[in-house]
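Report on the structure given below.
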Amino acid sequence: MDIEEDIKALQLDSSEDTVLVNVEDAIPDEAIKHDKADGEDSVMEEERKTDDVEKSDMPEDELRDEAHPDLKPEHVEPKGVSGKESSPPEDMQVEVEVNKKRHLNVVFIGHVDAGKSTIGGQILLLSGQVDDRTIQKYEKEAKDKNRESWYMAYIMDTNEEERVKGITVEVGRAHFETETTRFTILDAPGHKSYVPNMISGASQADIGVLVISARKGEFETGYERGGQTREHVQLAKTLGVTKLIIVVNKMDDPTVNWSKERYDEIESKMVPFLRSSGYNVKKDVQFLPISGLLGSNLKTRLEKSVCPWWSGHCLFEVLDAVEVPPRDPNGPLRMPIIDKFKDMGTVVMGKIESGSIREGDNLLIMPNKAAVKVLAIFCDEDRVRHVGPGENVRVRLSGVEEDDLLSGFVLCSVAKPIPAVTEFVAQLQILELLDNAIFTAGYKAVLHVHAVVEECEIVELMQQIDLKTKKPMKKKPLFVKNGAIVLCRVQVNNMICVEKFSNFAQLGRFTLRTEGKTVAVGKITALPTVADSA
1 MDIEEDIKAL
11 QLDSSEDTVL
21 VNVEDAIPDE
31 AIKHDKADGE
41 DSVMEEERKT
51 DDVEKSDMPE
61 DELRDEAHPD
71 LKPEHVEPKG
81 VSGKESSPPE
91 DMQVEVEVNK
101 KRHLNVVFIG
111 HVDAGKSTIG
121 GQILLLSGQV
131 DDRTIQKYEK
141 EAKDKNRESW
151 YMAYIMDTNE
161 EERVKGITVE
171 VGRAHFETET
181 TRFTILDAPG
191 HKSYVPNMIS
201 GASQADIGVL
211 VISARKGEFE
221 TGYERGGQTR
231 EHVQLAKTLG
241 VTKLIIVVNK
251 MDDPTVNWSK
261 ERYDEIESKM
271 VPFLRSSGYN
281 VKKDVQFLPI
291 SGLLGSNLKT
301 RLEKSVCPWW
311 SGHCLFEVLD
321 AVEVPPRDPN
331 GPLRMPIIDK
341 FKDMGTVVMG
351 KIESGSIREG
361 DNLLIMPNKA
371 AVKVLAIFCD
381 EDRVRHVGPG
391 ENVRVRLSGV
401 EEDDLLSGFV
411 LCSVAKPIPA
421 VTEFVAQLQI
431 LELLDNAIFT
441 AGYKAVLHVH
451 AVVEECEIVE
461 LMQQIDLKTK
471 KPMKKKPLFV
481 KNGAIVLCRV
491 QVNNMICVEK
501 FSNFAQLGRF
511 TLRTEGKTVA
521 VGKITALPTV
531 ADSA
């Protein structure tokens with residue numbers, strides 16, 4: 001393969017308004033001559049040079065990661081950059097899809113102290129993302145705090161407040177991979193004070209792992225009214241987590257000792273509740289016993305000597321086998337912004353719900369209608385040229401200041417922007433109102449929809465749905481009680497970006513919370529016509 005032809009192909013591609021480094025300027029003449037003479041090694045040399053150019057473009061912390069590979073989790077590197085660039089854009093898309101493993105977001109949910117962070121830490125250790133030295137450091141740190149069994153959780157709970165209290169506050173993120181799939185772990189907080197953080201974690205997830213503690217008394221606390229096991233299951237279903245893996249943790253505890261009776265008791269109590277929350281237990285739910293602290297039944301199956309009655313799969317096998325609905329890489333771009341920061345420009349973080357992003361794309365941020373250009377895309381820790389739906393990415397943009405952005409703004413295509421509204425019609429299911437409250441026009445609550453958290457007011461109850469016939473009742477309701485399904489008009493103070501549930505389920509489902517409790521879940525059925533034409 002002639003290196004000069006390759007460079008010409010690169011220049012042709014870069015002329016299409018994409019921000020690419022001019023490789024010819026970056027590679028000295030001698031290197032090009034040497035490559036020509038070198039025959040077979042020319043392609044490898046070219047790729048190495050291009051990588052060097054990319055490194056010079058990297059921020060300092062990325063370069064530091066490159067210099068210390070052992071401090072950085074292992075990730076699948078994208079194929080040689082020159083190979084990707086020299087193909088035309090439509091081929092490039094197909095090539096990226098074929099070469100990359102599929103990507104899934106897994107959220108760990110469950111009652112406080114069920115062992116979510118410990119399982120997350122153990123998974124990273126077993127998949128080789130954390131070295132033994134780091135683990136020894138965490139063990140010593142936990143021992144100094146008289147909390148020896150917490151050391152695994154320190155891998156996921158990184159700030160001091162979380163370590164001292166032993167509870168997760170923010171949604172922890174980490175990456176690991178199996179032979180067929182790349183996973184992003186979202187470690188959600190279990191404490192009831194941090195449910196809003198759990199909502200933001202679950203709204204990005206494809207599958208959920210509900211962690212239940214088998215220890216005597218702990219399962220009961222989480223499952224009783226007011227326990228987070230119940231609330232998290234209902235929220236996960238509302239937020240679009242269609243597949244649920246239920247891991248019964250702490251099976252090694254002296255009060256349990258891998259008892260089949262305890263495992264069966266927990267399963268028999270959970271199944272009716274899961275059904276009532278809307279899950280198809282046979283198709284979408286799987287139960288398995290594990291020990292997060294010991295790592296039993298995570299990467300390898302349980303030995304008969306430990307647990308003679310269990311012959312099913314281990315967690316890694318179950319995660320690998322999960323099937324999620326395909327996403328449309330050619331649909332209109334929708335990426336809700338969950339975080340933003342400054343780093344050689346404005347960087348936004350989020351999960352691409354639909355469509356694809358390429359370096360050099362001209363896009364729009366709604367609702368403030370800011371026209372932006374994509375300067376760079378980072379997927380996990382790697383810089384990439386193109387990224388499809390379902391990926392968690394960081395995108396560096398020009399044309400907008402960090403101060404002008406808020407969580408819940410949406411990065412979208414210029415041709416088909418997302419509607420921005422202050423009012424919409426929704427079908428609501430009332431779960432559990434606070435003691436003396438009645439649900440009527442004028443009811444105020446906090447609305448959670450994708451990354452948006454906004455105060456809202458119910459301005460009109462339009463129709464009540466008959467629970468038996470599933471059809472609207474003739475009489476217009478003045479108020480409704482627990483369990484009712486009602487069609488109503490919802491108003492918010494500021495412009496928010498949402499879609500109809502039928503068009504984009506992930507951007508059209510929401511929860512209403514008040515005073516720290518989830519009172520209703522719903523889906524958007526209609527948007528004002530002005531917003532559609534905007």
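Residue 266 in the UniProt record's numbering sits at position 266 of the sequence shown; the count goes up by one each step and never skips.
Glycine is no exception: its CB is placed at the ideal position from the N, C-alpha and C atoms.
Quick caveat: nothing in here was measured; it's all calculated off a predicted structure.
Is the CB-CB distance between LEU428 and GLY522 below 9 Å?
If you number the sequence shown from 1, residue 428 lands on position 428. If you number the sequence shown from 1, residue 522 lands on position 522. For LEU428 and GLY522, yes; Cβs fall inside 9 Å.
Best match in GLU457, VAL348 and PRO472 for proximity to GLN464 [C-alpha to C-alpha]
In the sequence shown, the residue the question calls residue 464 occupies position 464. The option with the nearest alpha carbon to GLN464 is PRO472.
Could you tell me if VAL209 is buried or exposed, where buried requires 16 or more neighbouring beta carbons within 10 angstroms of its beta carbon?
Numbered from its first residue, the sequence shown carries residue 209 at position 209. Answer is buried; the Cβ neighbour count reaches 16.
Sorted by chain position, which residues of the same chain lie with C-beta nearer than 7 Å to MET270's C-beta, five sequence neighbours on each side aside?
Here the question's residue 270 lines up with position 270 in the sequence shown. Closer than 7 Å at Cβ, skipping near neighbours: ILE246.
VAL233: first and last residue of the uninterrupted alpha helix (DSSP H) it sits in
Taking the sequence shown and counting its residues from 1, the one referred to as residue 233 is at position 233. Segment 228-238, the alpha helix (DSSP H) holding VAL233.
Alpha carbon to alpha carbon, what distance is there between GLN129 and residue 541?
No statement about residue 541 is possible, as the shown extent of the chain runs from 1 to 534 and does not include it.
Which of the three DSSP states is assigned to ILE135 in this structure?
The residue you call residue 135 lines up with position 135 of the sequence shown. Looking at ILE135 - three-state DSSP - the assignment turns out to be helix.
State buried or exposed for LYS342, treating a residue as buried only when at least 16 other CB atoms are found within 10 Å of its CB.
Here residue 342 is taken as the residue at index 342 of the sequence shown, counted from 1. Label assigned to LYS342: exposed.
Does DSSP put PRO419 in a helix, a strand or coil?
Taking the sequence shown and counting its residues from 1, one reaches residue 419 at position 419. PRO419 falls in the coil class under three-state DSSP.
Exposed or buried, what is ASP187 when buried is set at 16 or more other beta-carbons lying within 10 Å of its beta-carbon?
Position 187 of the sequence shown, counted from the first residue, corresponds to residue 187. Buried.
Looking at C-alpha atoms only, which residue of PHE219, LEU125 and LYS468 is the closest neighbour of LEU178?
In the sequence shown, the residue the question calls residue 178 occupies position 178. For the record, residue 178 in the displayed sequence is Thr; it is not Leu. Looking at the Cα atoms, LEU125 is the closest of the given residues.
Buried versus exposed, by CB contacts within 10 Å (16 or more), ILE119:
Here residue 119 corresponds to residue number 119 of the sequence shown, with the count starting at 1. Around the CB of ILE119, 16 or more other CB atoms lie within 10 Å, so the residue is classed as buried.
Residue burial classification, THR242 (beta-carbon count within 10 angstroms, cutoff 16)
Taking the first residue of the sequence shown as 1, we reach residue 242 at position 242. By the neighbour-count rule (16 or more Cβ atoms within 10 Å), THR242 is buried.
Limits of the beta strand (DSSP E) - the one that ASP339 falls within:
For the purposes of this step, residue 339 is taken as residue 339 along the sequence shown, with counting starting at 1. ASP339 -> beta strand (DSSP E) spans 334-342.
Give me the Cα-Cα distance between ALA214 and ARG327, rounded to the nearest whole angstrom.
Residue 214 sits at position 214 when you count from the first residue of the sequence shown. Residue 327 sits at position 327 when you count from the first residue of the sequence shown. Roughly 36 Å between the two C-alpha positions.
For the beta strand (DSSP E) containing MET366, list its first residue and its last residue.
As a working mapping, residue 366 is identified with position 366 in the sequence shown. Counting along the chain, the beta strand (DSSP E) containing MET366 begins and ends at 362-366.
Using the Cβ count rule (16 or more neighbours within 10 Å means buried), how would you classify TRP309?
On the sequence shown, position 309 is the one that residue 309 refers to. By the neighbour-count rule (16 or more Cβ atoms within 10 Å), TRP309 is not buried but exposed.
Which first and last residues belong to the beta strand (DSSP E) in which ASP187 is found?
For the purposes of this step, residue 187 is taken as residue 187 along the sequence shown, with counting starting at 1. Segment 181-187, the beta strand (DSSP E) holding ASP187.
Hey, how far is the Cα of PHE183 from the Cα of HIS175?
Here residue 183 is taken as the residue at index 183 of the sequence shown, counted from 1. Here residue 175 is taken as the residue at index 175 of the sequence shown, counted from 1. So the alpha carbons of these two residues sit roughly 6 Å apart.
Tell me which same chain residues have a C-beta within less than 6 Å of the C-beta of ALA526, skipping the five on either side of it?
Along the sequence shown, one-based indexing puts residue 526 at 526. If we look at ALA526 and ignore the five residues flanking it on each side, its Cβ neighbours are VAL425.
Could you round the C-beta distance between THR181 and ASP320 to whole angstroms and report it? I think they count as a contact, below 8 Å.
On the sequence shown, residue 181 is found 181 positions in, with the first residue counted as 1. On the sequence shown, residue 320 is found 320 positions in, with the first residue counted as 1. Right, the Cβ-Cβ distance comes to about 6 Å (below 8 Å), so this counts as a contact.
Touch check for the region 436-445 and the region 369-383: three-plus C-beta pairs under 8 Å?
no
Sheet register partners of VAL256 (DSSP bridge)
The residue labelled residue 256 in the question sits at position 256 within the sequence shown. Answer is none; VAL256 lacks a bridge partner.
Just verifying my parser: in three-state terms, what is the DSSP assignment at ARG262?
If you number the sequence shown from 1, residue 262 lands on position 262. It is helical.
Tell whether a beta-carbon distance below 9 Å holds between VAL393 and ILE365.
Reading the sequence shown from its first residue, position 393 is the one you call residue 393. Reading the sequence shown from its first residue, position 365 is the one you call residue 365. In this structure, ILE365 does not lie closer than 9 Å to VAL393 by Cβ.
Between the alpha carbons of VAL400 and LEU375, how many angstroms are there, rounded?
The residue labelled residue 400 in the question sits at position 400 within the sequence shown. The residue labelled residue 375 in the question sits at position 375 within the sequence shown. Rounded to the nearest angstrom, the two C-alpha atoms are 12 Å apart.
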